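Using this note's numbering, the letters of the sequence shown map in sequence onto residues 4 to 197.
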Amino acid sequence: MERDEGRELIAPPQARGLRALALAMGQDLARDHPELAARLELAERGWQVARGELVPVATDLVLGSAEVCYWSRRVDLIQNKRVTVRRSFGGLVGSTGSILGVRYRAGSYQVARQTEDQMVQVDSGTALFTSSRVVFDGALKNFNFKLGKVLDVMEFSNGVGISRDSGPDIYFCFGADGHEAAAILRRLVREAKG
4 MERDEGRELI APPQARGLRA LALAMGQDLA RDHPELAARL ELAERGWQVA
54 RGELVPVATD LVLGSAEVCY WSRRVDLIQN KRVTVRRSFG GLVGSTGSIL
104 GVRYRAGSYQ VARQTEDQMV QVDSGTALFT SSRVVFDGAL KNFNFKLGKV
154 LDVMEFSNGV GISRDSGPDI YFCFGADGHE AAAILRRLVR EAKG
């Protein structure tokens, strides 16, 4: 097995050879060694995404004449937003009854503004990775940007993060297979940048 960006890869012919060798030795990988079988399957799928021929997927969105879609999924669009919250601090407070229309109060009370960065779901919709751009078609927001504008692709177990040369980072959350989506996008970005 070889490694690429931290993932194990194995070509399909080599994977078939390993399975055949195991059978010749009287071992069924799926039955006798399920962890190894799963690791081999993941490495084979990783090789297909990183080095094999990418399989086009159908989409309802209208693409350019030479544009091909390689990944499409329903996602939640997440962005990092700065949120201002109000914090109150107080100590012991006491007050007197009204004496000649004047009320006396003793103690301390302070209000302070504080800002926090929070990951906020902005929209839900369909994300596409095509041969030339990343497209998001949401209920509230639509955008697209060229693959050449992508600076970094961050993979998570439940999604993918994209850092662009302008604008905030965006995160697509969609459940499982974040590693495969990130590998497809990295490959498309590499091919677009040449």
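Don't be surprised by glycine CBs; every beta carbon is placed ideally from N, CA and C. Just so you know, these numbers come straight off a predicted model, no measurement behind them.
Is the distance from the Cβ of Asp168 to the Cβ of Lys144 below 8 Å?
-> no
Out of Ser135, Ala33, Gly164 and Ile173, which has the shortest C-alpha to C-alpha gap to Val192?
-> Ser135
Count the other C-beta atoms from every protein chain shown that fall within 10 angstroms of the C-beta of Glu56, then say buried if there are 16 or more, exposed otherwise.
-> By the neighbour-count criterion, in which a residue is buried when 16 or more other Cβ atoms sit within 10 angstroms of its Cβ, Glu56 is exposed.
Can you name, in chain order, every residue of its own chain whose Cβ lies under 8 Å from the Cβ of Val78, other than the five neighbours on each side?
-> Ser127, Gly128, Thr129, Ala130, Phe139, Gly162, Phe175, Cys176 and Phe177
Quick one: grab the DSSP three-state call for Leu43.
-> helix
What residue from Asp172, Glu183, Phe159 and Asn147 has the CA that sits closest to Gly67's CA?
-> Asn147
With DSSP as the reference, label Lys196 as helix, strand or coil.
-> It is helical.
Compare the C-alpha of Leu12 against each of Arg189, Ala23 and Glu47 and name the closest.
-> Distances from the alpha-carbon of Leu12 to those of Arg189, Ala23 and Glu47 put Glu47 closest.
Can you tell me whether Arg189 is buried or exposed, with buried defined as 16 or more other CB within 10 angstroms of its CB?
-> buried
With a threshold of 16 other CB atoms inside 10 Å of the CB of Ala115, please say whether the residue is buried or exposed.
-> exposed
Kindly indicate the opening and closing residues of the alpha helix (DSSP H) around Leu21.
-> Pro15 to Ala27 is the extent of the alpha helix (DSSP H) around Leu21.
Who does Glu5 pair with in a DSSP beta bridge?
-> Leu12
Cα-Cα separation between Met122 and Ala18, rounded to whole angstroms = Our two residues, Met122 and Ala18, have alpha carbons roughly 40 Å apart in a direct line.
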